[in-house]
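These notes concern the structure reproduced below.
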Amino acid sequence: MEPQSAFYSSPVLVLDFQSLYPSVMIAYNYCYSTFLGRISNWRGTSKMGFTEYNRQEGLLRLLKDHINIAPNGMMYTKAEMRKSLLAKMLTEILETRVMVKSGMKQDKDDRTLQQLLNHRQLALKLLANVTYGYTSASFSGRMPCSEIADSIVQTGRETLERSIAYIHSVERWGAEVVYGDTDSLFVHLKGKTREQAFAIGEEIAKEITNMNPRPIKLKFEKVYHPCVLLAKKRYVGYKYESRDQVQPDFDAKGIETVRRDGTPAEQKIEEKALKLLFETADLSQVKAYFQAQCTKIMRGNVSIQDFCFAREVKLGTYSDRGPPPPGALISTRRMLDDARAEPQYGERVPYVVISGGPGARLIDRCVAPEDLLHNPHCSLDAEYYISKNLIPPLERIFNLVGANVKQWYDEMPKVHRIRRVDVVGDGIGKKKTLEAYLKSASCAVCGVKVKKERSGNVCARCARNAPASMVRLQTRLNREEDKLRGMVKICQTCAGIPPVVADVACDSKDCPVFYSRVKQATRVATERSIVSSVLRELAERGVGQEALEW
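Just so we're aligned, residue 1 is where the sequence shown starts under our numbering, counting upward by one.
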């Protein structure tokens, strides 16, 4: 059943059939050993997987009161005549899993034992669930039988549809099924309270369980209040699992907050926007938050780590007809310098998108994070991240409540960041770009705009009071150096390096301190070039020397 995409402010129940396919195989005795063929032959033959099934004459007459007929027209012997091999196996597996889970409740203090038992019950669950896949594996399977697989799937679908019809038929619940997926039901209770939702959910689960043969069981999982349904297997909401729960849990499935092909900033902003929507139902607050984040991105007051894409790289699988993905291109560049830098197959390689000239291709603007950190003349492409990375996922959600996220961004005043140009004479950017040959329009000491006719990088006021200007510059440099020393100390402690070793050879892309340390080192180098150049300029002018004489 396709989901009814919307924002639901009333409670939504989530009910789940426990191990639906294994339970169907046990309840209806579906197996190779109980298969009786099709009611009416298809094209004059009765197929059973890759072979033909020949039923003994008079067999159906003997078993006429002991036959299960599947929705796809296949017949199986009931359990009272012959219990199927698959049913016996699955019953033992599911019972063993129940025993393991009950053992987990006894000794909760032993974390090692808890982990071991949890892995065992998950392995048993996987084994039970893949039994259906064993019957339908036509290419790699040993005993493929699509007739049995179709019987299981169609019986499960029939069970789900029968449950939906029953829920809609009971008027006292006032319930509407808004989404059904394989073994799950999402039931909207319009106008009900959370307390009423728990009572109705337990009642629905009990009655539908009684409708079906054992061991098919519908379990009441949780209540979403509120929630958003987007599409199949894509939903998010505030989850309550018991009546006593006061603080909800943020639960998301299939959306960008839990996907790994986006950026951390995308995940954080989307999650915060959804929480504001759930807690306040006020779109004006969501709009203000979104615009504030966009302003931060445009001003550059963000961490580079939050804007790193990290997608899988599979070298050797890409076509030569077009450019490879950014991660593959960055890996190829690294391998030219060091052949040992080849990534593992499927490894995630981080990269960022930087600003470029008009008409620059996206692939040419994707660089490794460390390249952006070490190059003060590069900056994140704010327009790309906002319009291509942030707005599309937010629009998919907030369009359901009538909001236009793109319009929110268009209404904003656009902030264009102006980088401070390194002063002429010294600096890490010397003779690398045109900026190195430009004279700054503002005073290097106080930031006041310098008159065009005045030479140098210091205004007249700061030049007259040279000692105070020197102290101010040195204090500013010392403050930046103290910040860098603090970050280096953190890295030294983490890596176990003695303080006498100044350089920390660590490039962990998952560590936020790494990005801050490299960025701060670049800032200190820039500040040193400015201070040394201005001090030299003040010394050459000889201004303020009388203030230094005793």
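Ideal Cβ placement from N, Cα and C applies to all residues, glycine included.
All figures in this text were calculated on a predicted structure; none of them were measured in a lab.
Check your understanding: Is it the case that the Cβ atoms of V24 and T155 are separated by a distance below 8 Å?
Key -> Cβ atoms of V24 and T155: closer than 8 Å.
Check your understanding: Contact check, Y238 vs F278 under 8 Å by CB: the rounded distance?
Key -> Contact holds; Cβ gap of about 5 Å.
Review point. Taking the alpha carbon of E411 as the point to measure from, which residue in K287, S379, E207, I148 has its own alpha carbon closest?
Key: Taking only the C-alpha atoms, the option nearest E411 is K287.
Check your understanding: Within this structure, are the beta carbons of S102 and T34 separated by less than 8 Å?
Key -> No; because the gap between Cβ atoms is not below 8 Å, this pair is not in contact.
Check your understanding: Secondary structure at K272, three-state DSSP: helix, strand or coil?
Key -> Three-state DSSP puts K272 in a helix.
Point to revise | Cβ distance (whole Å) where L124 is taken to contact R142 below 8 Å | key: 21 Å between Cβ atoms; not a contact.
Point to revise | Neighbour-count burial assignment, A210, 16 or more Cβ in a 10 Å radius | key: For clarity, residue 210 is Asn in the given sequence; the question names Ala instead. Here N210 is exposed. Its C-beta has fewer than 16 other C-beta atoms within 10 Å.
Exercise for review: Starting from P393, trace the alpha helix (DSSP H) both ways and give me its first and last residue.
Suggested key: That run of the alpha helix (DSSP H) goes 391-398.
Review point. First and last residue of the alpha helix (DSSP H) that includes R476?
Key: Unbroken alpha helix (DSSP H) run through R476: 466-495.
Practice item. Output the residue ranges of the beta strand (DSSP E) runs that lie fully inside the region 206-288 and measure 3 residues or longer, sorted by chain position. Key: Qualifying beta strand (DSSP E) stretches, in chain order: 218-231, 234-240, 249-253.
Practice item. Would you kindly check if the distance between the Cβ of V401 and the Cβ of F186 is under 8 Å? Key: No, the pair does not count as a contact, with Cβ atoms beyond the cut-off.
Point to revise | Three-way DSSP call (helix, strand, coil) for R333 in this model | key: The answer is helix: DSSP assigns R333 an H, G or I state.
Review point. Applying the criterion that 16 or more other CB atoms from any shown protein chain within 10 Å of the CB defines a buried residue, is K232 buried or exposed?
Key: Burial call: exposed.
Review point. How many Å lie between K431 and S529 at the Cα?
Key: Unreliable placement is indicated for K431, whose pLDDT of 46 sits below 50; the coordinate value is still reported in the next sentence. Cα atoms of K431 and S529: separation of roughly 14 Å, rounded to the nearest angstrom.
Review point. How many Å lie between W173 and A197 at the Cα?
Key: Spanning the two alpha carbons is a distance of roughly 9 Å.
**Study point:** Straight-line Cα distance separating L189 from M81
**Key:** So the alpha carbons of these two residues sit roughly 44 Å apart.
Point to revise | Check whether I551 and A175 have beta carbons under 8 Å apart | key: This structure cannot settle anything about residue 551, because the visible part of the chain is limited to 1 through 550.
Review point. Touch check for the region 109-117 and the region 49-67: three-plus C-beta pairs under 8 Å?
Key: In short, these stretches do not touch, since the Cβ pair count stays below three.
Point to revise | Cutoff 7 Å; reference Q293; Cβ partners in own chain excluding five residues on either side | key: Closer than 7 Å at the Cβ level, and outside the excluded window around Q293, lie I269.
Point to revise | Contact set for L548: own chain, Cβ-Cβ below 7 Å, skip 5 residues either direction | key: Its pLDDT being 47, under 50, L548 is placed unreliably in this model, and the value from its coordinates should be taken loosely. Within the same chain, L548 has close Cβ partners P467.
Practice item. Going by DSSP, name the residue or residues bridged to F309. Key: Bridge pairing for F309: Y351 [DSSP].
Check your understanding: Taking Cβ positions, are R517 and C494 nearer each other than 8 Å?
Key -> Taking 8 Å as the Cβ cut-off, R517 and C494 do not qualify as a contacting pair.
Practice item. Taking only the alpha-carbon atoms, compute the straight-line gap between S19 and K88 and give it to the nearest angstrom. Key: Cα to Cα, the separation comes out at about 15 Å.
Review point. Who are E176's beta bridge partners in DSSP?
Key: Partner(s): H188.
Check your understanding: What number of angstroms, rounded off, separates the C-alpha of S532 from the C-alpha of V228?
Key -> Straight-line measurement puts the Cα of V228 at about 58 Å from the Cα of S532.
Practice item. With Y134 as the anchor, note down where its alpha helix (DSSP H) starts and where it stops. Key: Segment 111-136, the alpha helix (DSSP H) holding Y134.
Check your understanding: Mind checking whether the beta-carbon of K519 lies closer than 7 Å to any heavy atom of the ligand SAM?
Key -> With respect to the ligand SAM, the structure shown offers nothing to examine, as it has no ligands at all.
**Study point:** Inter-residue spacing [alpha-carbon to alpha-carbon] between Q554 and L122
**Key:** Since the first residue shown for the chain is 1 and the last is 550, residue 554 is missing from the structure and cannot be characterised.
Review point. Considering only residues of the same chain and omitting the five flanking positions on each side of K219, which have a CB-CB separation below 8 Å?
Key: Excluding residues within five positions, the ones whose Cβ falls inside 8 Å are L15, D16, F17, Q18, A205.
**Study point:** Beta-carbon proximity of I363 to L380, cut-off 8 Å
**Key:** Cβ distance not < 8 Å, so I363 and L380 don't count as in contact.
Check your understanding: Under a three-way DSSP split, which group does S379 fall into?
Key -> In the structure shown, S379 adopts coil according to DSSP, grouped into three states.
Point to revise | L15, DSSP secondary structure in three states | key: Note: L15 maps to strand in three-state DSSP.
**Study point:** Sequence-distant residues of its chain with Cβ nearer than 7 Å to R334 (five each side left out)
**Key:** The answer, listed in chain order, is A341.
Check your understanding: What does K101 pair with, by DSSP beta-bridge criteria?
Key -> Its beta-bridge partners do not exist; DSSP assigns none.
Review point. D503: which of L484, D510, T332 sits nearest, CA to CA?
Key: Of the candidates L484, D510, T332, the one whose C-alpha sits nearest the C-alpha of D503 is L484.
Review point. How many Å lie between F250 and E52 at the Cα?
Key: F250 and E52 have their C-alpha atoms roughly 53 Å apart.
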